[in-house]
């Protein structure tokens, strides 16, 4: 068998080659973060704890298949994310769903926390669209309105409810507006539909009340505590007998003082109450 002969290398050549290898290693390390090493050989260890100081990235550049699929055939969690003070699970997409949850018999997406000043689930629309959207139906969900915090849509029958609020002792649904309208109700059938329906007593603050007309007088001044305009209308009804045929004569508005005065047709023979309601 023939032996290969190798020309002996000088000490200078060996030193030059060694320094070149070190320089290449340093350059590669400066150009990218160090690889993540979970086990002794850098592989992720199953049924164990893996630690890393840099992100682990898996990218599919070939087709549209899922990059990572986790499956629990029993009752545990398929994917669980946790953070000490940041976001536990974060999903982002350029043109589709950032995070999607689905279930055949349980909750698709569930959020809860123990904080006293933070919501369990928050939706934020940066493009002035809808922040949180709830849809009930089998067809494709319709488009959502712009500039809407919460939008509910139910597409079944006359018993369907787009948004349902319930409380044991407080308010089932609460609306608040700084300067606009706290509750606005409309119907798609203006001539036959119902915009607002109440089952039970209806309570109005400031826009409705009861005033008292003293015996021997024929009017009473009312300060409702709301702004009155030229378009405001007041309905007044006697809740007792003012004597004879005496009844409500008229109501005079004072839009500067935001008051109105209820007049009778004659002086009342007894102290009598009169109910009033302001519209508009």
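Residue numbers (our numbering): 1074 to 1353. Just so it is clear, CB atoms sit at the ideal spot from N, CA and C, and this is done for glycine as well. This structure is a prediction, so every number in the text was calculated from the model and none was measured.
query: With a cut-off of 8 angstroms on the beta carbons, I'd call residue 1164 and residue 1157 a contact; round off their distance for me.; result: Actually they do not touch by this definition, with Cβ atoms about 20 angstroms apart.
query: Can you confirm whether the region 1282-1295 touches the region 1338-1351 when touching is taken to mean that 3 or more C-beta pairs between the two stretches lie within less than 8 angstroms?; result: yes
query: Identify, in the order they occur along the chain, each residue of the same chain with its Cβ nearer than 6 angstroms to the Cβ of residue 1310, setting aside the five sequence neighbours on each side.; result: 1348
query: For the candidate residues 1227, 1219, 1202 and 1206, whose alpha-carbon lies nearest to that of residue 1212?; result: 1227
query: If you count every other CB in all the chains shown that lies within 10 Å of the CB of residue 1345, and 16 or more means buried, which is it?; result: buried
query: Rounded to whole angstroms, what's the CA-CA distance from residue 1255 to residue 1183? Just pull it up for me.; result: 29 angstroms
query: Decide yes or no for the touch test of the region 1330-1345 against the region 1300-1316: beta carbon pairs closer than 8 angstroms, at least 3 of them.; result: yes
query: Helix, strand or coil for residue 1220? Go by DSSP, reduced to three states.; result: coil
query: DSSP on residue 1195, reduced to helix/strand/coil?; result: coil
query: Compute the Euclidean distance between the alpha carbons of residue 1328 and residue 1279, then round it to the nearest angstrom.; result: 15 angstroms
query: Rounded to a whole number of angstroms, what is the C-alpha to C-alpha distance between residue 1334 and residue 1208?; result: 49 angstroms
query: Considering just the uninterrupted stretch of the beta strand (DSSP E) at residue 1350, what are its terminal residues?; result: 1345-1352
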